[in-house]
Amino acid sequence: MSAIVIDGKKLAAEMRADIARQVAELRARHDVVPGLGVMLVGADPASSSYVAAKEKACEEAGIFSLDVRLPAETDRDEALGRVRAMNGDPRVHGILVQLPLPRHIDEGAVINAILPEKDVDGFTPVNVGRMVIGETCFLPCTPHGIIQMLVSAGVETAGKHAVIVGRSNIVGKPVASLLMRKCEGGNATVTVCHTGTRDLAAFTRQADILIVAAGRPGTVTGEMVKPGAAVIDVGVNRIPDQSRKSGFRLAGDVDFDSVKEVASLITPVPGGVGPMTITMLLYNTLEAARRAVAS
Ligand code: GUN
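In the numbering used here, each residue's number is its place in the sequence shown (first place is 1) plus 1.
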């Protein structure tokens, strides 16, 4: 058996076209252009490329983006000051602080400084709390994108065993929470595995839905997957490759070639979860602008 490869790029393009239509409608009706403030501290190549992709996607959707790029030596007070300035900027409906921040900056303090109504990444404690108890909030983009992909691919989550590999605040913990919700794309039985899990394969082999966000290529191979499972690969790893102009190629956390022979559905890297993450960011920014209009 060879798995169906979920085309994240195609789904993202369809959703982005719809978002662009709604952005144009908001502009025509209320003379409001949704705006996203993007703050990047330092010049980490992967972060720089994510931020550039987010800004390009904003432009294509008709969303204004305010680009705040700061040197790696920026101190905590300067970073906090920039976030507060975006909190008070009426052009900015959503704020994204690209993570990770340099080590000397207290990430929690910076995230906490974002107004919850502008927290389109869904990372502030207020939004995380609202998500966990099922209140209306901005859902974090990668987990939300994963749920959208599962639903649109027709993967039933209710009553299924979802196993997540990775316990990060950005992916593992929130996607576990979303899969447990009492709604479409939820009602799953969820197991979260991490670097302290003994005999990882014993858990992954039980998964009807396997979500891998471990940050390490080759974390899951074909013999670790239950036949017919849906496998979502969240990893983005740069593998040195001198045959490429960039000097690297991208690989996920899943060994695509062996897993696609066992799974029924699989997401590729690149072109799987990544485009959906950015799409959900556009969606949240549009929603933040709508709420600002309504308030
Ligand atoms: N770093 C890796 N993923 C993300 C994300 O979804 N949002 C932000 N702000 N930083 C990230």
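Note that CB positions come from ideal geometry on N, CA and C, so glycine has one too.
Check, Outcome
"For the ligand GUN, is there any heavy atom lying closer than 6 angstroms to the beta carbon of Gln99?", "yes"
"Provide the residue(s) that pair with Ile96 in DSSP beta bridges, ordered along the chain.", "Gly38"
"Using a Cβ-Cβ cut-off of 6 angstroms (strictly less than) and excluding sequence neighbours within five positions of Met87, which residues of its own chain qualify?", "Gly38, Val93, Ile96"
"Can you tell me where the alpha helix (DSSP H) holding Thr205 begins and where it ends?", "201 to 205"
"Could you tell me whether the region 174 to 187 touches the region 198 to 208, using the rule of 3 or more Cβ pairs below 8 angstroms?", "no"
"Can you list, in chain order, the residues of its chain with a C-beta nearer than 7 angstroms to that of Cys138? Leave out the 5 residues immediately preceding and following it.", "Gly123, Asn128, Arg131, Met132"
"What do you reckon, is the C-beta of Thr137 under 6 angstroms from a heavy atom of the ligand GUN?", "no"
"Taking contact to mean at least 3 C-beta pairs separated by less than 8 angstroms, is the region 224 to 241 in contact with the region 186 to 199?", "no"
"Jot down the residue ranges of each uninterrupted beta strand (DSSP E) in the region 62 to 107, minimum 3 residues, whole runs only, in chain order.", "65 to 71, 95 to 98"
"Verify the contact flag: Asp120, CB atom, against every heavy atom of the ligand GUN, threshold strictly below 6 angstroms.", "no"
"Looking only at DSSP bridge pairs, what is Thr190 linked to?", "His162"
"Are Pro35 and Leu282 touching if we call contact CB-CB under 7 angstroms?", "no"
"Could you tell me the distance, in whole angstroms, from the CA atom of Pro269 to the CA atom of Asp258?", "10 angstroms"
"Check Phe124 in the structure and name its three-state DSSP category.", "coil"
"For Leu140, which three-state DSSP category applies?", "coil"
"Here's the rule: buried if 16 or more other CB atoms are within 10 angstroms of the residue's CB, otherwise exposed. What is Ser66?", "buried"
"How about Asp254 and Arg217: do their beta carbons lie closer than 7 angstroms?", "yes"
"I need the boundaries of the beta strand (DSSP E) containing Pro241, first residue and last residue.", "238 to 241"
"If the criterion is Cβ atoms closer than 7 angstroms, does the pair Ile267 and Ala252 meet it?", "no"
"Within the same chain, show all residues whose beta-carbon is closer than 7 angstroms to that of Val172, passing over the 5 residues directly before and after it, in chain order.", "Thr143, Pro144, Ala214, Val235"
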